[in-house]
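Q: If you count the sequence shown from 1, position 222 lands on 1599 in my numbering, and the numbers rise without skipping. Every residue gets a Cβ at the ideal spot worked out from N, C-alpha and C, and that includes glycine.
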Amino acid sequence: MCDLDAEIDAHFVNDIPKALGVAVSGGSDSMALLVLLCGFAERNGVALSCATVDHGLRPEAADEARSVAGYCAAHDVPHVTLKWEGWDGTGNTQNAARVARYRLLADWARGQGIADIALGHTQDDQAETVLMGLARASGVDGLSAMPARRDDRGLCWHRPLLATSRAGLRGFLSANGVAWCEDPSNDDAQFERIKARRALTTLAELGVDRASLAQVAQNMAQARAALEQQTRRAIGDLVSLLGGGAMMPWSGFQTLPSEIARRVLMAAIDWIAAPPHAPRQKALTAALSALRASGSATVAGCRLILKDDRFWMFREFQAVAHARADASQLWDNRWKVTGGQGKQAREIRALGEIGLQQHPEWRTMGLPRALLLATPAVYQGDVLIAAPVVQNTARWRADVIKRPGCLFDEVFGH
């Protein structure tokens, strides 16, 4: 068994999955990972499956996918090619492709009953990511770069080769007679990552090499873990969850170190609105300034209200005013509404002004009016059937679902 085999074994030593997916493009990094995982799977009785994403951006991609499929067939590994379709060609190509790639892989894995997916990122990728973070003046999170494990979309994503160089993997493949494909976009200097890759050659003269930048990422990851621990403690000590919103004493929030306060607010926004991209520091600062000045602000689909010593955070009504779901679906991607009898067609919408007027008892609940406007209600046509958050009834319930990777859910365990 070679050193790389030992590295793979060490990554999975505490939790060997029964089934494991691996994403393989046909490039050297992912091909080396595939070869290593074939051995790992055989040694440990793991059911290994492989997926290749064809983004449709290069004519060679189909041949590369077939090359991966051929290797898999020769080693009894199930393989599938996932095709990215429906992109309108606008926006950042690499970012759009990355988002699509993870979505396609996640959908494939869930469909196969696979909870773990391995990715072929290397020390080179880690160093490039840190360098790009420095260019953007990133903080601790950005400089932490890529973790060896990450839970997202209900899956665990593994990067077991982050301590290994690309050159080392290519040497391993050559020694084992395994070919790989070269992606010409890896030499296209219009892409930020390629610019970072080229800059590393110059920086090496100053002693800033791939290994040192990867070590920076590891150091920042440790700092990030410490900050997250403090953030969890602050959330548990200060925050109450009420009516789908969060409330904490403003005086307590004000005493938090600025970085912990920022993280608490970000965690609240993630729990309430789950925006696809976290709001930038500038947007958070502007929202808190507006809150201090007027007692009200909005950011990333969330409403912030300050009244007396109560700091409320909840869903902005305008963000859900037109959201619709039938009774079997999640509403606003977070509320599960259950109850009622009969087979009549019912729709979940925001309670809104008209709905709230039909339930004057809301005034005794101690919850902000604006919070209740954005809670789910059951309608049959234009008739309000139920307002589960406002009504005290056993017939209907509205619950915020638990979402993997959500810090609030982890702290409160609901």
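For cysteine 1783, which three-state DSSP category applies?
A: Locating residue 1783 in the sequence shown gives position 406, where the first residue counts as 1. In the three-state DSSP reduction, cysteine 1783 falls in the coil class, being neither helix nor strand.
Q: Helix, strand or coil, according to DSSP, for leucine 1744 in the structure here?
A: By one-based count along the sequence shown, residue 1744 stands at place 367. If DSSP states are grouped into helix, strand and coil, leucine 1744 belongs with coil.
Q: If we count the other Cβ atoms within 10 Å of its Cβ and call it buried at 16 or more, is aspartate 1440 buried or exposed?
A: Numbered from 1 along the sequence shown, position 63 holds the residue referred to as residue 1440. Exposed.
Q: Any chance you could list the beta strand (DSSP E) runs of at least 3 consecutive residues sitting entirely within the stretch 1459–1526, in chain order?
A: 1493–1495
Q: Check arginine 1435 in the structure and name its three-state DSSP category.
A: For the purposes of this step, residue 1435 is taken as residue 58 along the sequence shown, with counting starting at 1. DSSP places arginine 1435 in coil when its eight states are reduced to three.
Q: Are alanine 1486 and isoleucine 1494 closer than 8 Å when you measure CB to CB?
A: As a position in the sequence shown, residue 1486 is number 109, starting the count at 1. As a position in the sequence shown, residue 1494 is number 117, starting the count at 1. Result yes, Cβ atoms of alanine 1486 and isoleucine 1494 sit closer than 8 Å.
Q: What residue does the beta strand (DSSP E) around valine 1760 start on, and which one ends it?
A: By one-based count along the sequence shown, residue 1760 stands at place 383. 1760–1763 is the extent of the beta strand (DSSP E) around valine 1760.
Q: Can you tell me whether threonine 1578 is buried or exposed? The criterion is at least 16 other CB atoms within 10 Å of its CB, across all chains shown.
A: Reading the sequence shown from its first residue, position 201 is the one you call residue 1578. With fewer than 16 other Cβ atoms within 10 Å, it is exposed.
Q: Tell me, please, whether the CB atom of aspartate 1386 is closer than 8 Å to any CB atom in chain B?
A: In the displayed structure, chain B is absent; only one protein chain is listed.
Q: Which of the three DSSP states is assigned to valine 1390 in this structure?
A: As a working mapping, residue 1390 is identified with position 13 in the sequence shown. It is coil, neither helix nor strand.
Q: Pop quiz: alanine 1763 and arginine 1726 are said to be a contact at Cβ under 8 Å. What is the actual Cβ separation, rounded to whole angstroms?
A: Numbered from its first residue, the sequence shown carries residue 1763 at position 386. Numbered from its first residue, the sequence shown carries residue 1726 at position 349. Going by Cβ atoms, the distance from alanine 1763 to arginine 1726 rounds to 11 Å, so no, they are not a contact pair.
Q: With which residues is threonine 1715 paired in a DSSP beta bridge?
A: Translated into positions along the sequence shown, residue 1715 becomes position 338. Paired residue(s): Arg1774.
Q: Determine the extent of the alpha helix (DSSP H) in which glutamine 1325 is found, giving its start and end residues.
A: No statement about residue 1325 is possible, as the shown extent of the chain runs from 1378 to 1791 and does not include it.
Q: Which of helix, strand or coil does DSSP assign to lysine 1684?
A: Position 307 of the sequence shown, counting from 1, holds the residue named residue 1684. Lysine 1684 falls in the strand class under three-state DSSP.
Q: Going by the CB atoms, is the gap between leucine 1496 and histidine 1535 shorter than 8 Å?
A: The count along the sequence shown starts at 1 and reaches residue 1535 at position 158. The count along the sequence shown starts at 1 and reaches residue 1496 at position 119. Yes, these two residues count as a Cβ contact at 8 Å.
Q: Near alanine 1655, what residues of its chain come up, given a Cβ to Cβ distance below 7 Å and the 5 sequence neighbours on each side ignored?
A: Counting from 1 along the sequence shown, the entry for residue 1655 is found at position 278. Cβ neighbours of alanine 1655 beyond the five flanking positions: Met1643.
Q: For valine 1760, count the other beta carbons within 10 Å of its own beta carbon; 16 or more makes it buried, fewer makes it exposed. Which is it?
A: One-based indexing of the sequence shown puts residue 1760 at position 383. So valine 1760 ends up on the exposed side.
Q: Going by DSSP, name the residue or residues bridged to isoleucine 1338.
A: The structure shown does not extend to residue 1338, since the chain spans only 1378 to 1791, so no value can be given for it.
Q: Nearest-angstrom Cα distance between phenylalanine 1477 and tryptophan 1461?
A: To locate residue 1477, count along the sequence shown from 1; it is residue 100. To locate residue 1461, count along the sequence shown from 1; it is residue 84. This sequence places alanine at residue 1477; phenylalanine is not what is there. Distance between the alpha carbons of alanine 1477 and tryptophan 1461 is about 7 Å.
Q: Spatial neighbours of glycine 1622 within its chain, please: CB distance less than 8 Å, with the 5 preceding and 5 following residues excluded, ordered by chain position.
A: In the sequence shown, counting from the first residue as 1, residue 1622 sits at position 245. Within the same chain, glycine 1622 has close Cβ partners Ile1649, Trp1689, Met1690, Phe1691, Arg1692, Leu1744, Pro1745, Leu1748.
Q: Can you tell which of Arg1639, Arg1609, Gly1672, Ser1673 has its C-alpha closest to the C-alpha of lysine 1659?
A: As a working note, residue 1659 is residue 282 in the sequence shown. Cα-wise, what sits closest to lysine 1659 is Arg1639.
Q: How long is the line joining the alpha carbons of valine 1585 and glycine 1398, rounded to whole angstroms?
A: Taking the first residue of the sequence shown as position 1, residue 1585 is located at position 208. Taking the first residue of the sequence shown as position 1, residue 1398 is located at position 21. Going by the C-alpha atoms only, they are around 34 Å apart.
Q: List in chain order: all unbroken alpha helix (DSSP H) runs of 4+ residues lying wholly within the stretch 1589–1649.
A: The DSSP assignment places complete alpha helix (DSSP H) segments of no fewer than 4 residues inside the stretch 1589–1649 at 1627–1632, in order along the chain.
Q: Considering valine 1399, what are the terminal residues of the beta strand (DSSP E) in which it resides?
A: Walking along the sequence shown from the start, residue 1399 turns up at place 22. It spans 1396–1400 - the beta strand (DSSP E) in which valine 1399 sits, taken as one unbroken run.
Q: Residues in its own chain within less than 8 Å of serine 1601 by CB, not counting five upstream and five downstream?
A: Start at 1 with the first residue of the sequence shown, and residue 1601 comes out as number 224. The sequence as given places arginine at residue 1601; serine does not occur at that position. Closer than 8 Å at Cβ, skipping near neighbours: Val1517, Asp1518, Ser1521.
Q: Leaving aside the five residues before and after cysteine 1533 along the sequence, list all residues of the same chain whose C-beta is less than 7 Å from its C-beta, in chain order.
A: Along the sequence shown, read from residue 1 onward, the residue named residue 1533 stands at position 156. Counting only Cβ-Cβ distances below 7 Å, and skipping sequence neighbours, we find Ala1492, Asp1493, Arg1526.
Q: Between which residues of its own chain and glutamine 1735 is the CB-CB distance below 8 Å, once the five residues before and five after are set aside?
A: In the sequence shown, the residue the question calls residue 1735 occupies position 358. Leu1761, Ala1764.
Q: List the residues that DSSP assigns as beta-bridge partners of valine 1430.
A: Position 53 of the sequence shown, counted from the start, is the residue given in the question as residue 1430. According to DSSP, valine 1430 bridges with Leu1459.
Q: Using a Cβ distance threshold of 8 Å, determine whether the stretch 1382–1399 contacts the stretch 1420–1428, with at least three qualifying pairs required.
A: yes
Q: Taking buried to mean at least 16 other C-beta atoms within 10 Å of its own C-beta, is glutamine 1695 buried or exposed?
A: To locate residue 1695, count along the sequence shown from 1; it is residue 318. So glutamine 1695 counts as exposed.
Q: Do you know whose CA, among Glu1419, Arg1420, Met1742, Val1445, lies nearest valine 1430's CA?
A: In the sequence shown, the residue the question calls residue 1430 occupies position 53. Per the Cα distances, Val1445.
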